[in-house]
Every structure is written in structure tokens, then in C-alpha cells.
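Chains as they are written, first to last, in the working numbering: chain A, 1 to 111; chain B, 1001 to 1120. Beta carbons are placed, not taken as given, at the ideal position from N, Cα and C, and that holds for glycine. Only a predicted model underlies this, so the values are computations on that prediction, with no experimental measurement involved.
The structure is reproduced here in C-alpha cells:
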């Protein structure tokens, strides 16, 4: 069945560092791809999405590009802030709309 | 407007007891989803309602789990004879998805804050 694999955490970076969180997926169809974020004490929020190959999703300085040839959707940000500390989930959804999540990557940003 | 709300926020119960978890979706959202997030894991799909009916219950782990949405709005997830392995955060989400209408291929799911269930 469909699945998502993302890099394990925790990831610890200094403020203003460059961030990459790797994500690859397996799907039989042509899924939509997402990154969700869970800030401490808050609910799950959609960070960005891409619905077809070569689409780039972006929000709050984060970006991810839907790469069909490598089945990847890596999350990047050029300069992280302490407020970006959270758990990040890569996810996909096929035509049936159930979302399949990766295990999550905890990100710590040090001031 | 109001988001998805879930009650209670925390529930502690003894092994073998029955529990009910409630979800109030965003007003007007026809689709409702339940997910379960175990410690250190991503959320896992349990069941999807379109209106009053369960369109997909393939994620329910066994027959101790049951969910209803009798009026197409509020939903209740019911767990019988709870086990320690049921301890998790139960998340609800809703969306505007409606297969009966032509529209976008993708409808964002909005998540509630979750109910943390602890079975002792």
C-alpha cells in the first residue's frame, strides 16, 4: 500500500541555518503531497501542499517540490528561526482522501 | 470562525472500560475523518464519514472500535473493552469534500486539537 518515509529526528540546528527534511513516498496512483506541522501544545496544521508533479508548495519560508521521478517531497527552509521548532510530518493523499503520514521529524532550533 | 473541536481533551480510563470521544466539525463540512496518533508516530487513518454514512472504515483496528455521525455533523468514536494499547491521541478532521458536487480535486482537512486517551 501507499506509504511515506521521512528522515528520523530529532534534528537540531542553530538559528539562521539551512534546513532540509527528506521525504520519499510510495504510491500506486498520483497522490497529493503535504507537509504538516505540529507546534508544541497545538494541533496539526497544514504547512504546504503540492497536488501534481513539479508543483512547488511554499508557506512561511518553507518550500517543497513534488518530484515524481525520485518520488520525493523534501522540505527546505533557507534560514530557520527558534519559532520553527516543532514536529514536521510528510504526508500523501490519494483519490480516497485518507491521509497517510510519515512518522514525523522533531526539529529543535537553538538561539 | 470556529475550528474543529474535540472533547474531552484528556481521558483516563481503566482497562476494560468503555469510552466515547466526541468531534464537532467545522460548520458546513460534510466530510469527517478520525485518525489515531500513537506516541512517536504519525497519525493513522481510522474512518471517514461523508454525511451520515461511513464511506471508508478500513482503518478501524478491530470490532471494539465504532464511530457514528447520526445527523451528519457531530461524530462520536466509541471504544469498547479498552486495552492499554489503545492509549493514543485521537484526532478528528473535517473538510468540504462532497463527491456529489463538481469541484476541486483536493479539499483541505482541518484538524482538531485531539483527545489524549490513556488506558491504565
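Per DSSP, reduced to three states, the secondary structure at residue 1116 of chain B is strand. DSSP, reduced to helix, strand and coil, places residue 1085 of chain B within a helical segment of the structure shown. DSSP, reduced to helix, strand and coil, places residue 82 of chain A within a helical segment of the structure shown. Under a criterion of Cβ atoms nearer than 7 angstroms, no residue of chain A is adjacent to residue 1028 of chain B; the nearest Cβ is some 17 angstroms distant. Residue 1077 of chain B is outside the set of residues whose beta carbon lies under 8 angstroms from a beta carbon in chain A. Residue 1097 of chain B reaches chain A at 97, counting residues in chain order whose Cβ is nearer than 9 angstroms.
Listed along chain A, no residue sits closer than 7 angstroms to residue 1018 of chain B by beta-carbon distance, the nearest being about 26 angstroms off.
Contact annotation: the region 48-60 of chain A does not touch the region 1008-1022 of chain B, with fewer than three C-beta pairs closer than 8 angstroms. Contact between residue 105 of chain A and residue 87 of chain A holds: CB atoms are separated by about 7 angstroms, below the 8 angstroms threshold.
A residue is called buried when at least 16 other Cβ atoms come within 10 angstroms of its Cβ; residue 1017 of chain B does not meet this threshold and is exposed. For residue 76 of chain A, the closest of A:60, A:44, A:3 by C-alpha to C-alpha distance is A:60. Residue 1069 of chain B has no beta-bridge partner at all, per DSSP.
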